[in-house]
Every structure is written in C-alpha cells, then in structure tokens.
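K.L.:
Starting off with a structure, shown below.
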Amino acid sequence: PLVAFVDTPLNKTKEIRESGRNKMILLVDRSFIPLVKKIAHPESIITYLPTSVFDCCPIDAQRYIKPMVDRNIDVLFVGRVGNGHNFRIPVDEVQQKMADHIAKVAFGCLDRQIYEIAEEVFAKAGMTIADPLCEEFLEYCWTIAHRVRSQRRMLVLDDLVALPSNVNLTIVTNNPDSIKDKFRTNVNFMPFQPWPKIVELMDDSKIVINVQPFHIYGTHERIATAMAHGAVVASDKNIYLDEHHADGRDIIFYDFKRGDLSHKLIKNLSDVSNLQNMAICGAEKTIANDLTINRCRDIISWVNTLDGHEKKMSKLGTDERYYIETTR
Numbered sequence: 005p006l007v008a009f010v011d012t013p014l015n016k017t018k019e020i021r022e023s024g025r026n027k028m029i030l031l032v033d034r035s036f037i038p039l040v041k042k043i044a045h046p047e048s049i050i051t052y053l054p055t056s057v058f059d060c061c062p063i064d065a066q067r068y069i070k071p072m073v074d075r076n077i078d079v080l081f082v083g084r085v086g087n088g089h090n091f092r093i094p095v096d097e098v099q100q101k102m103a104d105h106i107a108k109v110a111f112g113c114l115d116r117q118i119y120e121i122a123e124e125v126f127a128k129a130g131m132t133i134a135d136p137l138c139e140e141f142l143e144y145c146w147t148i149a150h151r152v153r154s155q156r157r158m159l160v161l162d163d164l165v166a167l168p169s170n171v172n173l174t175i176v177t178n179n180p181d182s183i184k185d186k187f188r189t190n191v192n193f194m195p196f197q198p199w200p201k202i203v204e205l206m207d208d209s210k211i212v213i214n215v216q217p218f219h220i221y222g223t224h225e226r227i228a229t230a231m232a233h234g235a236v237v238a239s240d241k242n243i244y245l246d247e248h249h250a251d252g253r254d255i256i257f258y259d260f261k262r263g264d265l266s267h268k269l270i271k272n273l274s275d276v277s278n279l280q281n282m283a284i285c286g287a288e289k290t291i292a293n294d295l296t297i298n299r300c301r302d303i304i305s306w307v308n309t310l311d312g313h314e315k316k317m318s319k320l321g322t323d324e325r326y327y328i329e330t331t332r
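Adding 4 to a residue's 1-based position in the sequence shown gives its number in our numbering.
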C-alpha cells in the first residue's frame, strides 16, 4: 500500500477523501482516527504512529548529552504568535460566529479534539459532517486550531514575564518586535530559525517549553527531540503525555493559570541536580522508544504483515500504543 503520513487531517480532508483505496494512513494522534474513518476511502488502512525525534544527526544511547551545568540557556521558548484577527476566517457571518464559538470552547479544552467540538456545533444546527457546508468548514478548523494555540502561547509568554532577571530566557518567534516590550531588557530574542538551529538551541537549554498543537493522544516532535538532547520539557498536559510521562520525574506539566508555569520553572531551576535527573530519565525513555528507527521498524512490520483481504483489527509490534484498523 501507499503510505501517507498525516500530522493533522484538518487541512487535508479533500486529499484524504480523494486518495483512493490502496493507502495506509499514519496519524500522529490516535484521536484523529474517528474523523479519518469518516472521510477516507472505506478500504483505507488507518493506523496511529506517534511523532518521533526529528533530528538530522544520529542519536543513540551512547551519544554524549551535555550536563545541565554546561547549558547556557535556562528556558527556551519556540513558537509563532499572532493576534486573533490574523486568524479570522474569510466566510460568511454565520460561519464566523460558529468559528468564534468553537475557538472559545476549544481554548479551555485540553482533552477533546477541535473537530469534535465542531461536530457538536454542527449537530445543534441540524447538520452532520457529511454536509457540504460542514466539509468545507472542517478545513477551517485547522485555522481555528492555530488561532487557539497562538492565544495559549501568548498566555505562556505573559507568564514568562514574571521570571527573575537571573534566569537566562531565550525566545524564538516569528515577530519578536511585537512582544519585546513585555519583557526585561536582558531577554534574548531571536527571529524564527530553521529547525537544525532550533535543535542546537535545545541542546544548550535546561528547559524547553512546549505548547501542544491540539494533540490529544499524541505528542510533538519538539518534546521528543528536546528530551533526546538532554533538555527537560515543560508542556501542557494531554492524555498521551499523562500516560507516558510523569510530572516531576521526566517532564514538567503546567496549566494556563496565571503564575503556574513561572512558579514551576523557578522551582525546578533552583535544583539543578533534580533537573539533571529529570533530563536523564526523559532522554533514556525517548532514546529507547521514540527514535525514527523505531517508527521505521513498526511501519515495515505493518506493511509486511497486512492481509488486505481479511476484516480485522490487528495489534502489531511490541508497544500497546500501536494499532492498525481496517474495514477490509
């Protein structure tokens, strides 16, 4: 089968619907499976494969990882930001109201996919996801997700303002001039960088901040890559991260209540020994389970094992996270 890797189906609904029958669709978030089953060809094979470390350099258990005391950046924030008007959707007034309502609900919701919230809005209007209007609108859900994630990032940045002046804070974003006035003068601002440069910064950071991109049962390449490079990740929580990581042992979980993130950053930076232990735990777990080679082995195993003439759900590989679903 032709293998398609899909980070999110929200902005690819047309391509998925028209992709034909001989396709294995790999989703980085298991919570997208119900949506893709509705829009993909009924004989498509839909499976879940979490994001892996994304690094052009080889990473293995023997790789040297820089100790915390040798890292120059205390806290690294990487993310694009923008105000809500940048993400307004060019549709009619009714659809704009729907989009605003979905964004409002999604902003405070960390355990439901944005398309599920959209489906509820459709249902109240007497529509289903199969209606042409809903199919068109579903494409806009990706824009809504960007809008909400940007708002969450702004909350994170507002909280980082509270960090004391002795914390070495580096912020990499698309428009640093728009947020510089919030911060003290010794914060290091950088325009958005190519991914290899961001990886270099992670390798020199004690803590890397992550804001989840509406993954409910999935992770982000920033988390795995930062951990593999020996940084501790501070992230908002979702179901996947809660099941596979432990707060205070190999990750720092924060919420969007004012002061929560800055308090946890200050607390953890004050205990470098404990921070080093967290980094080691995170690196060991990631290098053991989340390298690209691990994902490649799973894919090869699935392709070699699939029997397209039987109706089945097969549990493959050695990790209970990985499932293949097919209607054949």
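We put the CB at the ideal spot given by N, CA and C, even for glycine. Here the structure is a predicted model, which means the values were calculated and not measured.
For the region 13–74, which segments carrying the alpha helix (DSSP H) assignment without a break, of at least 4 residues, lie completely within its bounds, in sequence order?
P.N.:
As far as the region 13–74 is concerned, its whole alpha helix (DSSP H) runs of at least 4 residues are 17–21, 37–43.
K.L.:
Could you work out which residue in Asp96, Asp181, Val85, Ser56 is closest to Val152 when comparing CA atoms only?
P.N.:
The shortest Cα separation from Val152 among Asp96, Asp181, Val85, Ser56 belongs to Val85.
K.L.:
Does the region 180–200 touch the region 244–253, meaning 3 or more C-beta pairs lie closer than 8 Å?
P.N.:
No, because fewer than three Cβ pairs between the region 244–253 and the region 180–200 fall closer than 8 Å, the two stretches do not touch.
K.L.:
Within this structure, are the beta carbons of Thr223 and Met194 separated by less than 8 Å?
P.N.:
No, the Cβ-Cβ distance between Thr223 and Met194 is not below 8 Å.
K.L.:
Is the distance from the Cβ of Phe81 to the Cβ of Leu164 below 8 Å?
P.N.:
Taking 8 Å as the Cβ cut-off, Phe81 and Leu164 qualify as a contacting pair.
K.L.:
Do the region 207–219 and the region 233–240 meet, that is, are 3 or more Cβ pairs less than 8 Å apart?
P.N.:
Yes, they touch.
K.L.:
Are Thr177 and Gly263 closer than 8 Å when you measure CB to CB?
P.N.:
Their beta carbons are not under 8 Å apart, which means Thr177 does not touch Gly263 by this criterion.
K.L.:
Rounded to whole angstroms, what's the CA-CA distance from Val79 to Leu167? Just pull it up for me.
P.N.:
Using only the alpha carbons, I get a separation of about 10 Å.
K.L.:
Leaving out five residues on either side along the sequence, give the residues of the same chain with a beta carbon under 8 Å from the beta carbon of Leu30.
P.N.:
Answer for Leu30: Val7, Ala8, Phe9, Val10, Thr51, Tyr52, Leu53, Ile303, listed in chain order.
K.L.:
For Asn15, which of Gly24, Val40, Ile106, Lys101 has the nearest alpha-carbon?
P.N.:
When each option's Cα is compared against that of Asn15, the closest is Val40.
K.L.:
Where Lys101 and Val125 are concerned, what is the direct C-alpha to C-alpha distance, given to the nearest angstrom?
P.N.:
Each residue's Cα considered, the two are about 11 Å apart.
K.L.:
With a CB to CB cut of under 8 Å and the five nearest residues on each side skipped, what residues in its chain are close to Lys27?
P.N.:
Cβ neighbours of Lys27 beyond the five flanking positions: Pro5, Leu6, Val7, Ala8, Ala44, His45, Ser48, Ile49.
K.L.:
Helix, strand or coil for Phe114, going by three-state DSSP, please let me know.
P.N.:
According to the sequence shown, residue 114 is Leu rather than Phe. In the structure shown, Leu114 sits in coil (DSSP, three-state: anything other than H, G, I, E or B).
K.L.:
Can you name the residues that DSSP bridges to Ile227?
P.N.:
None, per the DSSP bridge assignment.
K.L.:
Using the beta-carbon count (16 or more within 10 Å), is Gly286 buried or exposed?
P.N.:
Classification of Gly286: buried, given that the 10 Å Cβ count is 16 or more.
K.L.:
Under the rule that 16 or more other beta-carbon atoms within 10 Å means buried, what is Asp96, buried or exposed?
P.N.:
Exposed: under 16 other Cβ atoms inside 10 Å.
K.L.:
Note down, in chain order, each residue of its chain lying with its Cβ closer than 6 Å to the Cβ of Asn76, except the 5 sequence neighbours on either side.
P.N.:
Correct list, in chain order: Asp208.
K.L.:
In whole angstroms, what separates the C-alpha of Ile183 from that of Ser154?
P.N.:
Between Ile183 and Ser154, the C-alpha separation is close to 13 Å.
K.L.:
State the DSSP-derived secondary structure class of Asp259, mapped to helix, strand or coil.
P.N.:
Looking at Asp259 - three-state DSSP - the assignment turns out to be coil, as it is neither helix nor strand.
K.L.:
Go ahead and label Arg299 buried or exposed: buried means 16 or more other beta carbons lie within 10 angstroms of its beta carbon, across all protein chains shown.
P.N.:
Result: buried.
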